[in-house]
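Step one of this worksheet: look at the structure below.
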Amino acid sequence: MDKEKKGLHLKRATKLKIIFAGLLTTVAAMFATIYFTDDQSYNLSWIINVTVEDGATDPAYSSGGFDIKKAGKFKFKAQWGDWENLDPETQAGFITALTIKDSAGEVIFETTGESLKAESRIFDLEEGGYTLEYRFLANQEDLDAYLLEHFGEKSEEPADCFKDGTWEREYSLVADESHPKAVVVGALFGLIFGGFLAALLMVLGTRDDKNVPKYDERQIAEQGKAYKYGFFTALMMLALVACSGLLQIEIPMEQSMLCTFVVVVMVAVMATPLIMKDAYFSLRENKRFLIIVVGILGLVNLAIGVGAIASGRIMADGKVSFMGGANLAAAALLIYIEIAIIIKSIIDKKED
Amino acid sequence: MKNLKLKSARASFDMSQQELADKVGVSRQTINAIEKGDYNPTINLCIAICKALNKTLDELFWEE
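For the record, the sequence lines run as chains V and D.
Position 187 of the first sequence, counting from 1, maps to 186 under numbering that gives the first Met the number 0, and the rest follow consecutively.
Position 22 of the second sequence, counting from 1, maps to 21 under numbering that gives the first Met the number 0, and the rest follow consecutively.
In C-alpha cells form, the structure reads like this:
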C-alpha cells in the first residue's frame with residue numbers, strides 16, 4: 000500500500016541547478032570578501048655583525064622603525080639565529096632581547112632568546128610610528144638586569160651560552176594584519192560550500208526513484224541503535240573531558256580540535272554498526288559512486304594533514320591545532336569508514 | 000528462528016533474495032535477515048512478502 004509522501008519533490012535537474020547556483024554564489028561571495036579585505040604587512044629584516052669580548056657586545060644594540068598607515072589588529076612574527084638547531088656549538092655567544100614600542104614610548108611587545116622563531120598574540124595598533132630595538136646581552140648580570148626591568152623576575156637558571164666571538168645574524172620582524180573575523184567568515188564559507196558539495200554528491204549518488212523507499216524498516220531500526228551508541232559515546236567522552244578539567248589534567252589539543260576529535264570518535268562508533276548491519280547506504284544510493292567519493296575525500300584530507308605535519312602547522316604552543324589536525328581527523332574517519340565498507344563487502348561475498 | 004518456509008517459497012518461484020527484495024521494496028540484506036531469523040518483520044512487510052510470493056501469512060510466518 001503506497002502512502003502519499005509529503006514534502007517538496009523536485010526533479011533531479013532542478014535540484015542540480017539549485018546546487019550549482021549555490022556553489023557559484025558561495026565562491027563569488029568568498030572572492031568578493033577576499034578582494035575587499037585589504038591586509039597590511041610590514042617586513043623589517045637586516046643583518047647585524049655582533050662581536051662579544053669579555054662580556055661586552057659591539058654593537059650593544061640595533062634599532063629601527065616602521066609606520067602603521069591604518070589602525071588595525073596585528074600579529075608580530077620575529078625570527079633570528081639557528082632556531083632549528085639548538086646545539087650550543089652552533090649558537091651565538093649572546094642573547095638578543097627584542098622590544099617594540101609605540102610613538103609614546105609604551106612597550107607593545109618584547110621577547111628574548113639566543114635563537115628565536117615566535118609569533119605573538121593579536122595586538123590593536125593605532126596609526127603612527129613604532130620603534131624596535133634589538134639589545135645584545137653577553138653576561139649574566141646584564142641579562143638579569145634586563146629581565147628584572149622588563150619581566151619582573153630574573154631567569155631561573157644561569158645562561159650557559161655566553162662566549163667571545165663574532166657572529167653574523169639576520170634579524171627578521173614581520174607585522175601582519177590579522178582578521179579574526181575573516182577566519183570565522185572563511186570557516187562559514189567553507190561550511191556552506193561543503194554543504195552544497197555534499198548536496199551535489201547526494202543528488203549524483205542517488206537514484207531518482209520515489210517508488211523505492213530511502214531506507215527499509217530494518218535499516219531504520221538499526222540506525223536507531225547506532226545513533227544510541229553514538230550518543231552515549233559522545234556523552235562519555237564529554238564527561239572525560241570535563242573530569243580532565245576538574246583534575247587539571249592538560250589534554251594536548253586546542254579546544255576546537257578536542258571537539259572535532261569527540262565528533263570523529265562518535266561518528267566512527269555510529270558508523271560501524273550501520274555498515275556491518277547494512278544500514279549505512281540507502282536503497283536509492285549508488286554504492287560504488289559513494290565509496291569512490293569517500294575514498295577520494297579521505298585521501299585529500301590525508302594529504303592536507305600530512306602537509307600540515309611537514310610544515311609544522313599541526314602543533315601550536317605544544318598542542319595539536321585545529322588548522323592541521325581537523326583534516327587528519329577527517330581523513331582517519333573517512334579511511335576507517337572505507338575500510339569497514341570493504342571488509343563488509345568481503346563478508347557479504349563470502350556469504351553469497 | 001530461521002524462516003525456512005519463506006526460503007523454500009522464494010526458491011519455488013526461482014527468485015533470488017535481491018529479486019524478492021526489489022519486488023517488496025526492501026534491501027537484500029533484510030530478506031536475508033528474515034530468512035536467517037535475525038529480524039522480525041512488521042506486519043506490513045509480512046503482507047507485502049506474502050503478496051509477492053502469492054502465499055498467506057500462515058503459510059509463510061506461522062510458527063509450528
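Beta carbons: idealized from backbone N, C-alpha and C, even for Gly.
Residue burial classification, residue i (beta-carbon count within 10 angstroms, cutoff 16)
i              : result
L257 (chain V) : buried
E34 (chain D)  : buried
T25 (chain V)  : buried
D215 (chain V) : buried
Q28 (chain D)  : buried
A186 (chain V) : exposed
W45 (chain V)  : exposed
S62 (chain V)  : exposed
M0 (chain D)   : exposed
T165 (chain V) : exposed
W79 (chain V)  : buried
L19 (chain D)  : buried
C49 (chain D)  : buried
L9 (chain V)   : exposed
N300 (chain V) : buried
A141 (chain V) : Note that residue 141 (chain V) is Asp in the sequence shown here, rather than Ala. D141 (chain V) comes out buried.
A241 (chain V) : exposed
T205 (chain V) : buried
I67 (chain V)  : buried
E3 (chain V)   : A caution first: E3 (chain V) carries a pLDDT of 43, below 50, which makes its placement in the model unreliable, though a value can still be read off. E3 (chain V) should be labelled exposed.
A32 (chain D)  : buried
Coarse secondary structure for residue i, derived from DSSP in three states
i              : result
M0 (chain D)   : coil
V263 (chain V) : helix
V173 (chain V) : strand
G151 (chain V) : coil
Y60 (chain V)  : strand
Q16 (chain D)  : helix
T232 (chain V) : helix
S44 (chain V)  : strand
F161 (chain V) : coil
V51 (chain V)  : strand
K68 (chain V)  : coil
E62 (chain D)  : coil
L216 (chain V) : The identity of residue 216 (chain V) in the sequence shown is Glu, whereas the question assumes Leu. Helix, per DSSP.
K74 (chain V)  : strand
K348 (chain V) : helix
R206 (chain V) : coil
E156 (chain V) : coil
K2 (chain V)   : Note that K2 (chain V) scores 46 on pLDDT, short of 50, meaning its location in the model is unreliable and no value can be drawn from it.
Rounded straight-line distance, which links the Cα of residue j to that of residue i
i              : j              : result
L333 (chain V) : Q90 (chain V)  : 45 Å
L190 (chain V) : M29 (chain V)  : 12 Å
D163 (chain V) : D53 (chain V)  : 7 Å
G92 (chain V)  : E126 (chain V) : 37 Å
S281 (chain V) : A233 (chain V) : 25 Å
A309 (chain V) : G323 (chain V) : 10 Å
N2 (chain D)   : D57 (chain D)  : 12 Å
L246 (chain V) : E152 (chain V) : 29 Å
F288 (chain V) : V262 (chain V) : 25 Å
E221 (chain V) : D347 (chain V) : 18 Å
D86 (chain V)  : Y41 (chain V)  : 31 Å
R312 (chain V) : S119 (chain V) : 15 Å
I18 (chain V)  : L59 (chain D)  : 47 Å
V173 (chain V) : Y129 (chain V) : 13 Å
A328 (chain V) : F321 (chain V) : 10 Å
A307 (chain V) : G317 (chain V) : 15 Å
L97 (chain V)  : A325 (chain V) : 34 Å
A339 (chain V) : S171 (chain V) : 50 Å
A77 (chain V)  : T111 (chain V) : 10 Å
D159 (chain V) : L43 (chain V)  : 29 Å
I107 (chain V) : A198 (chain V) : 48 Å
Q254 (chain V) : T32 (chain V)  : 27 Å
A267 (chain V) : I336 (chain V) : 7 Å
L296 (chain V) : A20 (chain V)  : 23 Å
Q16 (chain D)  : K227 (chain V) : 30 Å
L196 (chain V) : V292 (chain V) : 11 Å
Below-9 Å beta-carbon distance, residue i vs any chain C residue
i              : result
D347 (chain V) : The chain labelled as chain C is not found among the protein chains of the depicted structure, namely V and D.
Output, in sequence order along the chain, the residues in the stretch 234 to 262 of chain V whose CB is closer than 7 Å to any CB in chain D.
Cβ contacts with chain D come from no residue of the stretch 234 to 262 of chain V.
My parser needs the beta strand (DSSP E) runs of 3 or more residues fully inside the stretch 89 to 137 of chain V; what are they?
94 to 100, 106 to 112, 115 to 124, 127 to 136
Anything in the stretch 204 to 228 of chain V with a Cβ closer than 7 Å to a Cβ of chain D? List those residues in chain order, please.
V211, P212, D215, E216, R217, Q218
Go through the stretch 284 to 346 of chain V residue by residue and report every complete run of the alpha helix (DSSP H) that reaches 4 residues or more, in order.
286 to 310
Counting only runs of 4+ residues fully inside the stretch 235 to 282 of chain V, write out the alpha helix (DSSP H) ranges in chain order.
Runs of the alpha helix (DSSP H) inside the stretch 235 to 282 of chain V: 254 to 275.
At a Cβ cut of 7 Å, what residues of the stretch 275 to 292 of chain V count as close to chain D, listed as they run along the chain?
D277, L282
Members of the stretch 7 to 24 of chain D near chain V, C-beta cut-off 8 Å:
G24
Name, going along the chain, the residues of the stretch 36 to 61 of chain D whose beta-carbon falls closer than 8 Å to a beta-carbon of chain V.
Y38, P40, T41, N43, L44
Which ranges does the alpha helix (DSSP H) cover as unbroken runs of at least 4 residues, wholly within the stretch 21 to 60 of chain D, from first to last along the chain?
27 to 35, 42 to 52, 56 to 60
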